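Here is the structure we will look at.
There are 2 protein chains.
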Amino acid sequence: MAGNPIRFGIVGCAEIARKVARAINSAPNSTVSAVASRSLDKALNFAAVNGLPDTVKVYGGYDQILDDPCVDAVYMPLPTSLHQRWAILAAEKKKHILLEKPTALDVEELDKILDACESNGVQFMDGSMWLHHPRTAKMKEIISDTKLFGHVNYIHSTSTTSGTKQFLEENIRVKPDLDALGALGDLAWYCIGALLWAKDYKLPTQVHALPDVTKNSAGVILSCTASLQWGKSSNETFATIHCSFLSHTSMDIAISGACGSLNVYDFIIPYQETSASFEFTSGAKFAELHIGWNTRPEEVEVVNELPQEALMVAEFARLVGAIKTTGSRPDSKWPQISRKTQLVMDAVKKSIDSDCKPVYL
Amino acid sequence: MAGNPIRFGIVGCAEIARKVARAINSAPNSTVSAVASRSLDKALNFAAVNGLPDTVKVYGGYDQILDDPCVDAVYMPLPTSLHQRWAILAAEKKKHILLEKPTALDVEELDKILDACESNGVQFMDGSMWLHHPRTAKMKEIISDTKLFGHVNYIHSTSTTSGTKQFLEENIRVKPDLDALGALGDLAWYCIGALLWAKDYKLPTQVHALPDVTKNSAGVILSCTASLQWGKSSNETFATIHCSFLSHTSMDIAISGACGSLNVYDFIIPYQETSASFEFTSGAKFAELHIGWNTRPEEVEVVNELPQEALMVAEFARLVGAIKTTGSRPDSKWPQISRKTQLVMDAVKKSIDSDCKPVYL
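If you want it as structure tokens, here you go:
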């Protein structure tokens, strides 16, 4: 593969594209071969600022990059409202698609994108980087250990970031015509993804927005909380999520099992690039007379040789490479994960829109 | 004070009484002078096991200890259903009362107890030890700093403990005739207390049980989740709490401010007796390219010279001492805190009993 890297076109020069461009060039099986923005100047500037070599083609428009036969795959960090149009066109042009989250405005839109990928035989994956960090696999191993951790009873996940005045007025994430889902799409995507990940992608049966929804004057969600329930019996799982553009940075998952607990505080973007940790406790009891604990949370550290975004790109490029070299079908795991995440996000949105009535899946 | 310690009678030899007996004897202004159980044998055994000196009087019944003129104050760790009867009688016998939580089965009962304390001029305090730890004051200082922390937007608190089979079958905390509030009374008491503490004891306007309530066959709550809302505007605070006898030990408070966050994982019983810590982060931003954070949570450690339960006893004994020596009125702060906690707990209960309908306060 090293001699035949997957050639990426970057469709849209959003801030996040800088991080992913670097990841594409640091993954062992991929390379940036073209960049497109709505204007040529923006694309040229992106190439210059990010030190991309002169061999990288620069386009002032998205159509041209999709017509470039030297582009195998696209990374697409466009505003959500543009995903359907450009992702479908990319699929039709036989470009494999790494699409930023949220993948679409709703699951109907996403289904059109996924159908286009399916019928054109191209790989789809969304840009949830954290799923590719080896820490995530290690956490999964622990919460799946029924003896050590027990049944997962309760999960709480948050994703918050304190938007500046400028962000709250101008950023695409608060504009109804660009990222109409606001904090739900940008932040709760991760929390919902974390719950589904913890539940082995079993869908909740009931989703319930809580009454603290905050919207801006244009009706875009700035902050919300929701509960998710799997089944009705006490043997199932309950979860709460909270996302906000109005609160200090947090990205937590707290998983509460029958005999263990796991906490991670930087699950979306680890504190540092080269290693990440989480806290795990099992069998905690109180000391004699209840004057302390018999144990403290253990910090489990996981070293990663490549940053999680490069691991994501490498996994995507591996799947694309397999399709290119063996003619195999695209892998269905990643599009299914995206679709379930979008489906649950839709349910939260629907509950918000119906005055917090429960939505059954 | 050292020469004239407040003389405690322990009314009920529950397991927790061992911890508090030790605290009473280690606080500088109090001493255990009598112990009562339903049977003399139990009381004698308690005195022996806990190394109480022969000067401590031992009673096989609660009436006698309340008639002992050498008892200034009682510590009462009886099952909740017995609180009303014995706490009122204690107040009538002019005994100051340190009452275990939950203080009563509902606020009507508690009001009768508080009225009895008021009309008999005796001090009331509930057994929430954590409020007396110096860490709690330090946390309060930080979350009150509007520049460092900003407005408190969201709070999440949990209190869980994994009951053994025996606990779930036999413990008084799951018996409808003894502690009918189950996990709500035993565990959520702390979470509700934490929210009220963080909100300077301003009551929420809306309380909402979430649909994951689990009860045992006798109808006692084993696990539940609730949301609490202060006001309707985005300038107010939203909170979620979760309590359970079915999940591994946790006792967390996560407070999310506009520009800071605070996390504590052992707020009810600190990991160790002599110091306790919490995590605090302010102004967290992502590093260039969003490949890490500019800061990590700071661990703030607070050393305590006495265990929190001894600090609780010392504060209670100080108030009792002031009443005894100066004839002052009982302090109203602590009964008010108990009453608000009970009031919110009642609201959660009411919401659970009405199929999760919101309860307005």
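For the record, the sequence lines run as chains L and V.
With this note's numbering as the guide, the letters of the first sequence map in order to residues 1382 to 1742.
With this note's numbering as the guide, the letters of the second sequence map in order to residues 1382 to 1742.
Note that beta-carbon positions come from the ideal geometry of N, C-alpha and C, so glycine has one too.
Just so it is clear, the structure is predicted and the values come from calculations on it, not from any experiment.
Could you name the residues that DSSP lists as bridge partners for V1413 (chain L)? In the first sequence, the residue the question calls residue 1413 (chain L) occupies position 32. V1413 (chain L) is bridged to L:F1389.
Reference L1577 (chain V), options V:Y1440, V:C1640, V:I1718, V:V1452, closest by Cα: Position 196 of the second sequence, counted from the start, is the residue given in the question as residue 1577 (chain V). Out of V:Y1440, V:C1640, V:I1718, V:V1452, V:I1718 has the C-alpha closest to the C-alpha of L1577 (chain V).
DSSP-derived helix/strand/coil call for S1538 (chain V): Within the second sequence, numbered from 1, the residue matching residue 1538 (chain V) stands at position 157. In the structure shown, S1538 (chain V) sits in a strand (DSSP, three-state: E or B).
Among the residues of its own chain, which have a CB less than 8 Å from the CB of E1473 (chain V), if the five just before and after it don't count? Your numbering for residue 1473 (chain V) matches position 92 in the second sequence. For E1473 (chain V), where only same-chain residues beyond five positions count, the Cβ hits under 8 Å are A1497, N1501.
Short check: CB of H1746 (chain L) to CB of N1616 (chain L), under 8 Å? Since the first residue shown for chain L is 1382 and the last is 1742, residue 1746 (chain L) is missing from the structure and cannot be characterised.
Taking only beta-carbon positions, decide if D1496 (chain L) is within less than 8 Å of chain V. As a working mapping, residue 1496 (chain L) is identified with position 115 in the first sequence. By this cut-off, D1496 (chain L) is not an interface position.
Ends of the alpha helix (DSSP H) at I1704 (chain L)? Your numbering for residue 1704 (chain L) matches position 323 in the first sequence. First-last of the alpha helix (DSSP H) with I1704 (chain L): 1689-1707.
At what residue ranges does the segment 1410-1475 of chain L contain a whole run of the alpha helix (DSSP H), taking only runs of 4 or more? 1421-1430, 1443-1448, 1464-1473
Indicate whether at least one CB of chain V lies closer than 8 Å to the CB of G1441 (chain L). The count along the first sequence starts at 1 and reaches residue 1441 (chain L) at position 60. Not one chain V Cβ lies under 8 Å of G1441 (chain L).
Rounded to a whole number of angstroms, what is the C-alpha to C-alpha distance between A1471 (chain L) and C1572 (chain L)? Locating residue 1471 (chain L) in the first sequence gives position 90, where the first residue counts as 1. Locating residue 1572 (chain L) in the first sequence gives position 191, where the first residue counts as 1. Going from the Cα of A1471 (chain L) to the Cα of C1572 (chain L) covers about 28 Å.
Short-range partners of chain L found in the segment 1627-1649 of chain V, where Cβ spacing is below 8 Å: L1627, S1628, H1629, T1630, S1631, D1633, A1635, S1637, G1638, A1639, C1640, G1641, S1642, N1644, Y1646, D1647
For T1517 (chain L) and chain V, any beta-carbon pair shorter than 8 Å? By one-based count along the first sequence, residue 1517 (chain L) stands at place 136. No, its Cβ sits nowhere closer than 8 Å to a Cβ of chain V.
Who are the Cβ neighbours of R1699 (chain L) in its own chain at under 7 Å, not counting the five residues just before and after it? Your numbering for residue 1699 (chain L) matches position 318 in the first sequence. Once the five neighbours on either side are set aside, the close Cβ partners of R1699 (chain L) are N1410.
What residues from chain V crowd round D1507 (chain L), counting only those whose CB sits closer than 8 Å? Start at 1 with the first residue of the first sequence, and residue 1507 (chain L) comes out as number 126. Per Cβ cutoff of 8 Å: no residues; D1507 (chain L) is ~17 Å from chain V at best.
Beta-carbon proximity list for I1387 (chain L), same chain, < 7 Å, skipping 5 on both sides: Here the question's residue 1387 (chain L) lines up with position 6 in the first sequence. Once the five neighbours on either side are set aside, the close Cβ partners of I1387 (chain L) are N1410, S1411, D1453, A1454, A1698, V1701, G1702.
In three-state terms, what does DSSP make of Q1653 (chain L)? Here the question's residue 1653 (chain L) lines up with position 272 in the first sequence. Note: Q1653 (chain L) maps to coil in three-state DSSP.
In whole angstroms, what is the alpha-carbon distance linking K1613 (chain L) and D1593 (chain V)? The residue given as residue 1613 (chain L) occupies position 232 in the first sequence. The residue given as residue 1593 (chain V) occupies position 212 in the second sequence. Approximately 8 Å between the Cα atoms of the pair.
Could you give the DSSP three-state label for T1630 (chain L): helix, strand or coil? As a position in the first sequence, residue 1630 (chain L) is number 249, starting the count at 1. Strand, per DSSP.
Determine the chain L residues that contact N1534 (chain V) at a beta-carbon separation under 7 Å, and present them in chain order. Numbered from 1 along the second sequence, position 153 holds the residue referred to as residue 1534 (chain V). Within 7 Å Cβ-Cβ: S1625, L1627, S1628.
Which same chain residues end up closer than 8 Å to Q1504 (chain V) when comparing Cβ atoms and leaving out the 5 residues on each side of it in sequence? Here residue 1504 (chain V) refers to the residue found at position 123 of the second sequence. Same-chain partners within the cutoff: A1454, H1477, I1478, C1498, F1697, L1700, V1701, I1704, P1711, D1712, W1715.
For T1606 (chain V), which three-state DSSP category applies? Taking the first residue of the second sequence as position 1, residue 1606 (chain V) is located at position 225. In this structure, T1606 (chain V) counts as strand in the three-state DSSP scheme.
Determine the burial state of S1735 (chain V): buried for a count of at least 16 other Cβ atoms within 10 Å of its Cβ, exposed for fewer. Position 354 of the second sequence holds residue 1735 (chain V). Exposed, because fewer than 16 other Cβ atoms sit within 10 Å of the Cβ of S1735 (chain V).
Against chain B: residues of the segment 1722-1742 of chain L by CB proximity under 8 Å: The structure shown contains no chain B; its protein chains are L and V.
Roughly how many angstroms lie between the CA atoms of K1666 (chain V) and T1630 (chain L), to the nearest whole one? For this step, residue 1666 (chain V) is matched to residue 285 along the second sequence. For this step, residue 1630 (chain L) is matched to residue 249 along the first sequence. If you take the alpha carbons of K1666 (chain V) and T1630 (chain L), they lie about 7 Å apart.
Use the C-beta contact count for V1684 (chain V): other C-beta atoms within 10 angstroms, 16 or more gives buried, fewer gives exposed. Taking the second sequence and counting its residues from 1, the one referred to as residue 1684 (chain V) is at position 303. Counting Cβ neighbours within 10 Å, V1684 (chain V) comes out exposed, since fewer than 16 surround it.
Would A1561 (chain L) and S1540 (chain L) be called neighbours here (beta carbons separated by less than 8 Å)? Within the first sequence, the letter at position 180 stands for residue 1561 (chain L). Within the first sequence, the letter at position 159 stands for residue 1540 (chain L). Going by C-beta atoms, A1561 (chain L) is not nearer than 8 Å to S1540 (chain L).
Residues of its chain near Y1646 (chain V), where Cβ-Cβ distance is below 6 Å and the 5 sequence neighbours each way are ignored: For this step, residue 1646 (chain V) is matched to residue 265 along the second sequence. The answer, listed in chain order, is D1633.
What number of angstroms, rounded off, separates the C-alpha of K1493 (chain L) from the C-alpha of Y1443 (chain L)? Within the first sequence, the letter at position 112 stands for residue 1493 (chain L). Within the first sequence, the letter at position 62 stands for residue 1443 (chain L). Each residue's Cα considered, the two are about 19 Å apart.
Secondary structure of W1587 (chain V), DSSP reduced to three states: As a first step, residue 1587 (chain V) is located in the second sequence; it is residue number 206 there, counting from the start. Going by the sequence as given, residue 1587 (chain V) is Gln instead of Trp. Residue state, collapsed to three classes: strand.
Does the beta carbon of K1400 (chain V) come closer than 8 Å to any beta carbon on chain L? As a working note, residue 1400 (chain V) is residue 19 in the second sequence. Closer than 8 Å: yes.
Is the Cβ-Cβ distance between S1637 (chain L) and Y1535 (chain L) less than 8 Å? Taking the first sequence and counting its residues from 1, one reaches residue 1637 (chain L) at position 256. Taking the first sequence and counting its residues from 1, one reaches residue 1535 (chain L) at position 154. Contact: yes.
Going by other Cβ atoms of all chains shown within 10 Å of its Cβ, with 16 needed for buried, is E1690 (chain L) buried or exposed? Translated into positions along the first sequence, residue 1690 (chain L) becomes position 309. With 16 or more other Cβ atoms within 10 Å, it is buried.
Just the C-alpha distance for H1537 (chain V) and G1641 (chain L), rounded to the nearest angstrom, thanks. For the purposes of this step, residue 1537 (chain V) is taken as the residue at position 156 of the second sequence. For the purposes of this step, residue 1641 (chain L) is taken as the residue at position 260 of the first sequence. Cα to Cα, H1537 (chain V) sits roughly 19 Å from G1641 (chain L).
Can you check whether the C-beta of I1672 (chain V) is within less than 8 Å of a C-beta belonging to chain L? Counting from one through the second sequence, the residue named residue 1672 (chain V) turns up at place 291. Judged by the 8 Å Cβ criterion, I1672 (chain V) is in contact with chain L.
For the segment 1592-1621 of chain L, list every residue whose C-beta sits within 8 Å of some C-beta in chain V, in sequence order. P1592, D1593, T1595, L1603, S1604, T1606, S1608, Q1610, S1615, F1619, T1621
Less than 8 Å between the C-beta atoms of S1509 (chain L) and K1482 (chain L), yes or no? Here residue 1509 (chain L) refers to the residue found at position 128 when the first sequence is read from its first residue. Here residue 1482 (chain L) refers to the residue found at position 101 when the first sequence is read from its first residue. Yes, Cβ-Cβ distance for S1509 (chain L) and K1482 (chain L) is below 8 Å.
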